Each structure stands twice: as C-alpha cells, then as structure tokens.
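Novice: First the structure, then my questions, so here it is.
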Amino acid sequence: MHNQASLVTSEEPLRILLWDIDGTLIRSARTGAFKDYTIPMLEGVFGTSGRLAEMKVSGMTDLQIVAEALRPEGFTHEHIRERIDHLRERYMEEMHKATSNGAEFFQVLPGVREVLQEVADHPRYQSALVTGNIEAAAYLKVELVGLSNFFSLPGAFGDESHDRRDLPGLAAERIRSKLKLDLLPQQFIVIGDTPNDIACAHHFGARALAVGTGRLYSAEDLMKCRPDAFIPDLSNLEAVMQTLASL
Ligand SMILES: [Mg+2]
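Okay, so the sequence shown: first residue is 78 according to this note's numbering, each after it adds one.
As structure tokens, then:
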C-alpha cells in the first residue's frame, strides 16, 4: 500500500525553500508603492485607511497591516475577518489598477531568476512561497515579473494569519501532504529580508537564510536576529548555492 514516495525518509537530503517575496525576490520601483493600492482598498472596504499612510510594513502579513492600520479607528481582528472576502476582492481590483498602466511596478532583484532556475534544476531543492501578501496578490506579483513557474508547491500567505510565525507550519503541512513525505522542520529553509522572516523560520524549527536586499533592515539588524546564514543579495549564484548547501 505504500507508494515509493511514502518510503522516502527525512534522511533524504531534500530541502524546501520557502521564499518571501517583497525585498527578497522583487522590490517595487518606488518605496511605499504598495500604498497605491492598499489605501484605496482599505477606504473601499472600511471607509478609512486609518494610519496606513504613515506605517512601515516590511515583514508584516497583509492581515496584520490592515489590523494595525485600522486599530486607532476601533476596528478589531474580528471586524476584519468578517470582511475578508470583500477585502480580498477590493485588494485585487486596486492592485490590477495600480499595476496595469504599463510602467514597471515591480523589479526582480539581482540574481533571483538565476537562483530560482538553478534550484529548480537541482534535485535537493523545491520552492514555495511564504509571504505576508494575500495569496492572490502574491501570485499576481510573481506573474507580473515572470517568476510564477518556479513555485509549484503550495505555500502560505498573509490572508491566513496576522502572525507571520504561523505561516511556515501551514505551508509545511500542505507540502508534506502534496509530496507525501514526512519532512522535518529543519528541512525547510525560509529565505527573507526581515526579522519577521527569521522569527517565523525559528518558530517553526526551519533554517533561516536572511538576505540584505530589503529596504528597511541592515545586515546588522538582521544578524542580531541570528539567522542560520546571511547573504547580502542573491547576485552571486555560486555563493548562494554554497550557502544553501550548508543549510
Ligand atoms: Mg520581505
């Protein structure tokens, strides 16, 4: 009754790469460009964007961003959850509007395409998204920059929790079930640009690879959070592959 896949044990060298999107794979052409669509979305769903305009949101999930923006207006997590379908719908409407004027809204960070291709061709690795973006927004972003083919495994997204630490476990459960493999937490590597990426990796028991391409945190800030490895950017393919091999 066991198929071949179910007999593969955690001794296998497989590593699952859980990729953050913003600041790791891509960045917006302008700082704060996400407000072009999140402010009208919040105004459309809740009648106010609260304090969003003044917030720095790197590493937060979209649900967390919404909750923190609207807290001064008296909205609770429950109020937000009640309107989650409307929120998702307006979010995507506004995002399509903001990104469809032909200008390049998002840029792929240096080396990213090459690294994703290299790990896709390597039997030790498979890739999934673990991002603070709501799911549809995450897939739109990677599609807009031509990276969507690299993420064949199910991930976890920012409309599933206001706490990023929940996300690696959610993704792992889906990936184990899809691959029919009993993967250990330490076979997962979270790759991200913020302290929250490192914290969510460690909360789950995964490895954390911090990258220095985010706009908000310096190498020093990230090192304080004790990632398992740090790399300034993904532009040196050989260095990235060596770092991944050590994890
Ligand atoms: Mg990020």
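Cβ atoms here follow ideal geometry from the backbone N, Cα and C, with glycine treated the same way.
Fair warning: this is a prediction, and the values are worked out from it, not measured in the lab.
Does ligand 1 have even one heavy atom less than 6 Å from the beta-carbon of Gly100?
Specialist: yes
Novice: To the nearest angstrom, how far is the alpha carbon of Phe281 from that of Ile116?
Specialist: 32 Å
Novice: Is the separation between the beta-carbon of Ala146 and that of Leu129 shorter than 7 Å?
Specialist: yes
Novice: Give the DSSP bridge partners of Arg284, in chain order.
Specialist: Ile266
Novice: Consider the C-beta atom of Asp270 and the heavy atoms of ligand 1; say whether any pair is separated by less than 6 Å.
Specialist: yes
Novice: Using the C-alpha atoms, what's the distance from Ser238 back to Ser83?
Specialist: Only weak support exists for where Ser83 lies, its pLDDT of 48 falling under 50; the value from the coordinates is given anyway. Taking the straight line joining both Cα atoms gives about 30 Å.
Novice: Taking the alpha helix (DSSP H) that Val192 belongs to, which residues open and close that run?
Specialist: Val189 to Ala197
Novice: Return helix, strand or coil for Val219, following the three-state DSSP convention.
Specialist: helix
Novice: Confirm, please, whether the CB-CB distance from Asn273 to Ile136 is below 7 Å.
Specialist: According to the sequence displayed, residue 136 carries Gly and not Ile. For Gly136 and Asn273, yes; Cβs fall inside 7 Å.
Novice: Classify Gln81 as buried or exposed, calling it buried when 16 or more other Cβ atoms lie within 10 Å of its own Cβ.
Specialist: Only weak support is given to the placement of Gln81: the predicted model assigns it a pLDDT of 48, under 50, and the question is left unresolved by the model.
Novice: Taking 8 Å as the limit between beta carbons, can you name the residues of its chain near Ile325, skipping five residues before and five after?
Specialist: There is simply no residue 325 to check, as the chain begins at 78 and stops at 324 in what is shown.
Novice: Would you say the beta carbon of Asp97 is closer than 6 Å to some non-hydrogen atom of ligand 1?
Specialist: yes
Novice: Using a Cβ-Cβ distance cut-off of 7 Å, determine whether Asp240 contacts chain D.
Specialist: You won't find chain D in this structure, because it holds only one protein chain.
Novice: Going by C-alpha to C-alpha distance, which of Gln184, Gly109 and Glu120 sits closest to Met132?
Specialist: Gly109
Novice: Going by DSSP, name the residue or residues bridged to Arg148.
Specialist: In the DSSP assignment, Arg148 forms no beta bridge with any residue.
Novice: With 16 as the cutoff for other CB atoms within 10 Å, does Arg112 come out buried or exposed?
Specialist: Reading the sequence as shown, one finds Lys at residue 112 and not Arg. Answer is buried; the Cβ neighbour count reaches 16.
Novice: Check each candidate in Ser323, Met318 and Ala322 and name the one with the smallest Cα separation from Glu195.
Specialist: Met318
Novice: Under a three-way DSSP split, which group does Arg160 fall into?
Specialist: coil
Novice: In chain order, what residues of the same chain lie with their CB nearer than 7 Å to the CB of Glu181, ignoring the 5 residues before and after it?
Specialist: Ala106, listed in sequence order.
Novice: Just how far apart, CA to CA, sit Ser55 and Glu150?
Specialist: With the chain represented from 78 up to 324, any question about residue 55 goes unanswered, as that position is not in the structure.
Novice: With DSSP collapsed to three states, give me the class of Val134.
Specialist: Correct three-state label for Val134: coil.
Novice: Taking only the alpha-carbon atoms, compute the straight-line gap between His95 and Thr271 and give it to the nearest angstrom.
Specialist: Contrary to the premise, residue 95 reads as Leu rather than His in this sequence. In this structure, the straight-line span from the alpha carbon of Leu95 to that of Thr271 is close to 14 Å.
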